[in-house]
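A quick write-up on the structure given underneath.
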Amino acid sequence: MTQHLSVKHLLGIKNLSADDIRLILDTADDFKEVINRPIKKVPSLRDITVANVFFENSTRTRLSFELAQKRLSADVVNFSASNSSVKKGETLLDTVNNILSMKVDMIVMRHSSPGAPHFLSRHIKANIVNAGDGTHEHPTQALLDAYSIRERLGEVGGKKVVIIGDILHSRVALSNIFCLQKLGAEVMVCGPNTLLPRYIRELGVQVELDVDRALQWCDVANVLRIQMERQQARYFPSLREYSLYFGLTKERLQRLGKEIVVMHPGPINRGVEISSDVADAPNAIILDQVENGVAVRMAVLYLLAQQQ
Amino acid sequence: MQTRIILEGERLSITVRRLCEQLIENHGQFADSCILGLQPRGPQLARRIHQRLQEQTGLSIPYGELDATFFRDDFRRREKPLRANTTHVPFIIEDKRVILIDDVLYTGRSVRAALDAMTAFGRPREVELLVLINRLYSRELPIEPTYVGSHVNTISSQKVLVEWQDEPAGENRVSLIENA
Numbered sequence: 001m002t003q004h005l006s007v008k009h010l011l012g013i014k015n016l017s018a019d020d021i022r023l024i025l026d027t028a029d030d031f032k033e034v035i036n037r038p039i040k041k042v043p044s045l046r047d048i049t050v051a052n053v054f055f056e057n058s059t060r061t062r063l064s065f066e067l068a069q070k071r072l073s074a075d076v077v078n079f080s081a082s083n084s085s086v087k088k089g090e091t092l093l094d095t096v097n098n099i100l101s102m103k104v105d106m107i108v109m110r111h112s113s114p115g116a117p118h119f120l121s122r123h124i125k126a127n128i129v130n131a132g133d134g135t136h137e138h139p140t141q142a143l144l145d146a147y148s149i150r151e152r153l154g155e156v157g158g159k160k161v162v163i164i165g166d167i168l169h170s171r172v173a174l175s176n177i178f179c180l181q182k183l184g185a186e187v188m189v190c191g192p193n194t195l196l197p198r199y200i201r202e203l204g205v206q207v208e209l210d211v212d213r214a215l216q217w218c219d220v221a222n223v224l225r226i227q228m229e230r231q232q233a234r235y236f237p238s239l240r241e242y243s244l245y246f247g248l249t250k251e252r253l254q255r256l257g258k259e260i261v262v263m264h265p266g267p268i269n270r271g272v273e274i275s276s277d278v279a280d281a282p283n284a285i286i287l288d289q290v291e292n293g294v295a296v297r298m299a300v301l302y303l304l305a306q307q308q
Numbered sequence: 001m002q003t004r005i006i007l008e009g010e011r012l013s014i015t016v017r018r019l020c021e022q023l024i025e026n027h028g029q030f031a032d033s034c035i036l037g038l039q040p041r042g043p044q045l046a047r048r049i050h051q052r053l054q055e056q057t058g059l060s061i062p063y064g065e066l067d068a069t070f071f072r073d074d075f076r077r078r079e080k081p082l083r084a085n086t087t088h089v090p091f092i093i094e095d096k097r098v099i100l101i102d103d104v105l106y107t108g109r110s111v112r113a114a115l116d117a118m119t120a121f122g123r124p125r126e127v128e129l130l131v132l133i134n135r136l137y138s139r140e141l142p143i144e145p146t147y148v149g150s151h152v153n154t155i156s157s158q159k160v161l162v163e164w165q166d167e168p169a170g171e172n173r174v175s176l177i178e179n180a
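Top line first, the protein sequences correspond to chains A and B.
So for the first sequence, UniProt numbering puts the first residue at 1; every next one is plus one.
So for the second sequence, UniProt numbering puts the first residue at 1; every next one is plus one.
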């Protein structure tokens, strides 16, 4: 059993080993117990300052990171691009170096350009946590998804997971594929042909265009949000048609004759990719995912803080 | 590496029995008392004492296991990373008399962390510390045990190892290991 991570930054799942992932999930177990105590706070990171640098909007991820940091007693500063000097033309490296001059030990960053955290990691000393880089990776989401699957089904290895929806624009999908495969699960992607990347099969995933066949195959269905903001080009005729062919409905799930676990990284478009009665059913673990997100992010911050 | 046995077999069980008697003497009906084993090495002893006390008195005494890893003061200051163990405290210790149990008392730093960790479950009326082995002259903090199995005079190059028969190595034994 490894005791520490093989990396200094969490840039993506791609550069983690299976042992790293297991270490994070096991540590998250300990923190899940902490956040369910009457007093949900431990002093581990009391001498650490973390900057949450968000160049792209986020509610859930940012809140989850901030809670994780506060429950570990870290000092937290928040920065969002909309009201900063980025608007005045400052470069990414200058912005971050300015923040670091104020003695910040860790950076949690969301950026719209794929690879932005990787670029930073080559130039600065602080630990970096990628909180989503464009359409590339969103590692903590994949870790919390794996954690939630493990919590519900006992383990991830050997399970069949289908990711349904906009695979093309989804950083959640890519990180999930890497993470689930490293833990030994079988992965399938399902969605309209226009939203599946052309070379997705090269990653060793199965591709299915019929959502009913995909659901019949799987143990877990991870439903992605239709990203309205990335749909300038029309990838499908209408939301109604998407919902008809790919939306998870109660009738669809009842036809399966078995129970599957339903996940969604949020925010949900009720009635588009998932119907309300499915999202609120007991086998949907959407809110567990959110709770687990805090524990998993605490584990990531705690383990990275020891990687100097 | 030299090893010297400090306690084993019958003498060790006499010591554990004596500690139980002392607890009964002080806590009587254990009305507001509870036992906490301090991870990672305390629960083996704490479970034995708890079981023995319940058998002997016929009372049901609350028992929990406490991990203080996240409360340690050497986070990021030591070579080896800190891995947490399970905390399982299924009751609130508010206004209780807590008996904290560990196998060896050395610098006192884990006990300090445990005192912090405990506050997440309430404010105890009183905390007592029970250790099987008290290493003398090695304290870095003003912490002293309430109940002691045995006092041992050691230097910092030595290590005290407590082994229990339900562990892989398999014998109830306390030994002093010299790292030469």
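Every residue, glycine too, gets a C-beta built ideally from N, C-alpha and C.
All values derive from a computational prediction rather than experimental measurement.
(message) Considering Cα atoms alone, identify which of N172(B), R109(B), A84(B) and A114(B) is closest to V98(B).
(response) Here the question's residue 98(B) lines up with position 98 in the second sequence. Nearest option by C-alpha distance: A114(B).
(request) Out of Y302(A), S6(A), K32(A) and Q289(A), state which residue places its alpha-carbon closest to the alpha-carbon of I149(A). (result) Within the first sequence, the letter at position 149 stands for residue 149(A). If we check each option's Cα against that of I149(A), Q289(A) comes out closest.
(request) Determine the DSSP secondary structure at M188(A), reduced to helix, strand or coil. (result) Locating residue 188(A) in the first sequence gives position 188, counting from the first residue. Residue state for M188(A) is assigned as strand, using DSSP reduced to three classes.
(message) Does the CB of Q306(A) have a neighbour CB from chain B at under 7 Å?
(response) For the purposes of this step, residue 306(A) is taken as residue 306 along the first sequence, with counting starting at 1. It does: the Cβ of Q306(A) has a partner Cβ on chain B nearer than 7 Å.
(request) Show which residues of chain A have a CB atom less than 7 Å away from the CB atom of T87(B). (result) As a working note, residue 87(B) is residue 87 in the second sequence. Against chain A, the beta carbon of T87(B) has neighbours under 7 Å at E33, listed in chain order.
(request) Say whether chain A places a C-beta atom closer than 7 Å to the C-beta of R78(B). (result) Within the second sequence, numbered from 1, the residue matching residue 78(B) stands at position 78. The beta carbon of R78(B) sits no closer than 7 Å to any beta carbon of chain A.
(message) Using only CA atoms, which one of A120(B), D95(B) and H151(B) lies nearest to V42(A)?
(response) Taking the first sequence and counting its residues from 1, one reaches residue 42(A) at position 42. Of the listed residues, the one whose Cα sits closest to V42(A) is A120(B).
(request) Could you pull the start and end residues of the beta strand (DSSP E) that V278(A) belongs to? (result) For this step, residue 278(A) is matched to residue 278 along the first sequence. Judged by DSSP secondary structure, V278(A) falls outside any beta strand (DSSP E) and instead within the alpha helix (DSSP H) spanning S276 to A279.
(message) Restricting to Cα atoms, I'd like to know which of S157(B), N153(B), E163(B) and R76(B) is closest to Q308(A).
(response) Counting from 1 along the first sequence, the entry for residue 308(A) is found at position 308. In terms of CA proximity to Q308(A), R76(B) leads the group S157(B), N153(B), E163(B) and R76(B).
(request) Give the straight-line distance between the Cα atoms of L248(A) and G191(A), rounded to the nearest whole angstrom. (result) Along the first sequence, read from residue 1 onward, the residue named residue 248(A) stands at position 248. Along the first sequence, read from residue 1 onward, the residue named residue 191(A) stands at position 191. Answer to the nearest angstrom: the Cα atoms are 12 Å apart.
(message) With a threshold of 8 Å, are at least 3 pairs of Cβ atoms found where one atom belongs to the stretch 121 to 140 of chain B and the other to the stretch 99 to 112 of chain B?
(response) Yes, since at least three Cβ pairs between the stretch 121 to 140 of chain B and the stretch 99 to 112 of chain B fall closer than 8 Å, the two stretches touch.
(request) Below 6 Å CB to CB, which residues in the same chain sit around P265(A) once its five sequence neighbours on both sides are set aside? (result) Translated into positions along the first sequence, residue 265(A) becomes position 265. Counting only Cβ-Cβ distances below 6 Å, and skipping sequence neighbours, we find Q141 and V172.
(request) Tell me the start and end of each unbroken alpha helix (DSSP H) in the stretch 86 to 133 of chain A that is at least 4 residues and wholly inside, in chain order. (result) Counting whole runs of 4 or more residues, the stretch 86 to 133 of chain A contains the alpha helix (DSSP H) stretches 92 to 101 and 116 to 121.
(request) May I have the straight-line CA-CA distance separating P117(A) from V7(A), to the nearest angstrom? (result) What you label residue 117(A) is simply residue 117 of the first sequence in a count that begins at 1. What you label residue 7(A) is simply residue 7 of the first sequence in a count that begins at 1. When only Cα atoms are considered, P117(A) and V7(A) end up about 14 Å apart.
(message) One question on the structure: do Q306(A) and P40(B) come within less than 7 Å of each other, judged by their Cβ atoms?
(response) Within the first sequence, the letter at position 306 stands for residue 306(A). Within the second sequence, the letter at position 40 stands for residue 40(B). In this structure, Q306(A) keeps its C-beta atom at 7 Å or more from the C-beta atom of P40(B).
(request) Kindly indicate the opening and closing residues of the alpha helix (DSSP H) around H50(B). (result) In the second sequence, residue 50(B) corresponds to position 50, counting from 1. For H50(B), the uninterrupted alpha helix (DSSP H) run begins and ends at G42 to T57, by DSSP.
(request) Using beta-carbon positions only, say whether S82(A) and H138(A) come within less than 7 Å of one another. (result) Looking up residue 82(A) in the first sequence gives position 82. Looking up residue 138(A) in the first sequence gives position 138. When the beta-carbon positions are compared, S82(A) and H138(A) stay at least 7 Å from each other.
(message) So within the stretch 197 to 250 of chain A, which uninterrupted beta strand (DSSP E) runs reach at least 3 residues, ignoring any that extend past its ends?
(response) DSSP runs (the beta strand (DSSP E)) wholly in the stretch 197 to 250 of chain A: 206 to 208 and 220 to 223.
(message) Is H4(A) close to chain B? Criterion is C-beta to C-beta, closer than 7 Å.
(response) Residue numbering aside, residue 4(A) sits at position 4 when the first sequence is read from its first letter. Interface annotation, H4(A): in contact with chain B, CB-CB separation under 7 Å.
(message) Please report the straight-line C-alpha distance between D75(A) and V50(A), rounded to a whole angstrom.
(response) On the first sequence, residue 75(A) is found 75 positions in, with the first residue counted as 1. On the first sequence, residue 50(A) is found 50 positions in, with the first residue counted as 1. Approximately 6 Å, taken between the alpha carbons.
(request) Examine chain B for any beta-carbon lying closer than 7 Å to the beta-carbon of I39(A), and answer yes or no. (result) Position 39 of the first sequence, counted from the start, is the residue given in the question as residue 39(A). Chain B, which has a Cβ nearer than 7 Å to the Cβ of I39(A), makes this yes.
(request) Could you check the C-alpha separation between E94(B) and P38(A) for me, to the nearest Å? (result) Numbered from 1 along the second sequence, position 94 holds the residue referred to as residue 94(B). Numbered from 1 along the first sequence, position 38 holds the residue referred to as residue 38(A). Our two residues, E94(B) and P38(A), have alpha carbons roughly 11 Å apart in a direct line.
(message) Taking the beta carbon of S156(B) as the centre, do at least 16 other beta carbons fall within 10 Å, making it buried, or is it exposed?
(response) Numbered from 1 along the second sequence, position 156 holds the residue referred to as residue 156(B). Around the beta carbon of S156(B), fewer than 16 other beta carbons sit within 10 angstroms, so the residue counts as exposed.
(request) Return yes when the Cβ of T2(A) is within less than 7 Å of the Cβ of L23(A), no when it is not. (result) Counting from 1 along the first sequence, the entry for residue 23(A) is found at position 23. Counting from 1 along the first sequence, the entry for residue 2(A) is found at position 2. With contacts defined as CB atoms closer than 7 Å, L23(A) and T2(A) qualify as a contacting pair.
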